[in-house]
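> Input: one structure, supplied below.
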Amino acid sequence: MTPNERIEMTDPAHPIFAKLYDPVMKPAERTVLTEHRRYLVDNLSGMVLDLGAGTGAMFPYFREAAADSGTVTLFAIEPDPHMRRKALERARDLGLEIEIENAGAEALPFADDSFDIVIASLVFCTIPDFDVALSEVARVLKPGGEFRFLEHVRGEGAVGIAHDVLAPAWHTLAGGCHLNRETDDIFRDDDRFELVDYTRLEDIPRIVPIVRGTLERRREDSVISRLVGAGKTGK
Ligand SMILES: C[S@@+](CC[C@H](N)C(=O)[O-])C[C@H]1O[C@@H](n2cnc3c(N)ncnc32)[C@H](O)[C@@H]1O
């Protein structure tokens with residue numbers, strides 16, 4: 438863990454980032470992101486968790502989806518108090534029923550097997566301890582539940598090298614975001630999930646590569662049999 442990450446875990450507040458987030462994101466939200474945020478809420482039903490809700494960018498989509506389905510119970514977590522305040526305001530303005538908890542993804546305040554769907558939009562780039570956070574997603578998802586993601590990732594070739602160079606400054610300016618994290622590899626390599634859908638988006642400029650997809654939480658017995666097959670149990 439780097440010193441920066443230690444500071445993040447004790448103080449997740451980034452007031453300037455929270456203030457600038459919506460105005461800076463507005464052009465992308467209106468153009469390329471709409472379709473992909475809709476992907477995250479497709480056929481939404483049951484218990485749903487929005488990880489790192491930020492200012493509530495997913496909330497208008499939740500409202501649409503909840504109106505269509507009528508069987509959605511919404512929760513969110515957001516550790517930054519400035520972001521959380523904006524999310525609460527947005528939920529109120531939309532008339533959206535959603536419980537927003539003050540928590541980080543590394544310690545979700547929910548029981549095992551609570552959720553049908555967990556959603557991460559542009560958030561695993563920022564979570565300091567993404568391994569622990571992914572374990573928490575696996576813990577709170579019901580077996581067969583879905584983890585849906587929309588994340589920016591490290592670029593390929595020269596773009597990736599540029600991301601590596603810019604990453605330290607970006608981390609400071611962008612609320613702790615890791616510009617060059619290979620989040621998609623972390624997701625795809627995790628044995629607790631089955632990859633059911635994965636796309637590297639083509640409609641987004643290559644300078645900010647974005648991936649979207651869905652992982653399904655495996656049932657415990659299928660995880661154990663895979664690990665035994667791969668000789669990973671230590672027996
Ligand atoms: C780039 S913003 C994305 C917000 C929103 N999901 C969206 O799609 O616009 C990243 C968010 O992750 C939050 N965050 C930071 N550390 C976190 C953690 N440990 N667990 C969950 N969220 C975290 C930040 O406060 C911020 O609101």
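438 is the number of the first residue of the sequence shown in this note's numbering; add one for each residue after it.
Cβ coordinates follow ideal geometry from the N, Cα and C atoms, glycine included.
Following a CB-centred definition, is alanine 490 positioned closer than 7 Å to any heavy atom of ligand 1?
Answer for alanine 490: yes, Cβ within range of ligand 1.
> Is it true that the stretch 593–605 meets the stretch 543–563, where meeting means three or more beta-carbon pairs spaced less than 8 Å apart?
Output reads no: the stretch 543–563 does not touch the stretch 593–605.
> Is glutamate 543 near ligand 1, going by C-beta to nearest heavy atom under 7 Å?
Yes, the Cβ of glutamate 543 comes within 7 Å of a heavy atom of ligand 1.
> Just checking, does the stretch 612–626 make contact with the stretch 559–575 on the three C-beta pairs under 8 Å criterion?
With a cut-off of 8 Å, the stretch 559–575 and the stretch 612–626 count as touching, because enough Cβ pairs lie within range.
> Hey, could you find the ends of the beta strand (DSSP E) alanine 557 is sitting in?
From DSSP, the beta strand (DSSP E) with alanine 557 extends over 552–558.
> For my contact list, leucine 531 and phenylalanine 496 are in at a C-beta cut-off of 8 Å; report their separation, rounded to the angstrom.
With a Cβ gap of about 6 Å, leucine 531 and phenylalanine 496 count as contacting.
> May I have the straight-line CA-CA distance separating arginine 474 from glutamate 653, to the nearest angstrom?
If you take the alpha carbons of arginine 474 and glutamate 653, they lie about 18 Å apart.
> With distances taken from CA atoms, which of Asp628, Gly489, Lys463 is nearest valine 560?
With distances taken between Cα atoms, valine 560 lies closest to Gly489.
> Going by C-alpha distance, which of Tyr498, Glu515, Ile554 is nearest methionine 484?
That would be Ile554, whose Cα lies nearest to the Cα of methionine 484.
> Unbroken alpha helix (DSSP H) runs of length 4 or more, entirely within the stretch 450–514: which are they?
You should have 452–465, 471–477, 496–506.
> If you draw a straight line from the C-alpha of isoleucine 453 to the C-alpha of threonine 609, how long is it?
Going from the Cα of isoleucine 453 to the Cα of threonine 609 covers about 11 Å.
> What did DSSP end up calling valine 574 once you bin it into helix, strand or coil?
Correct three-state label for valine 574: helix.
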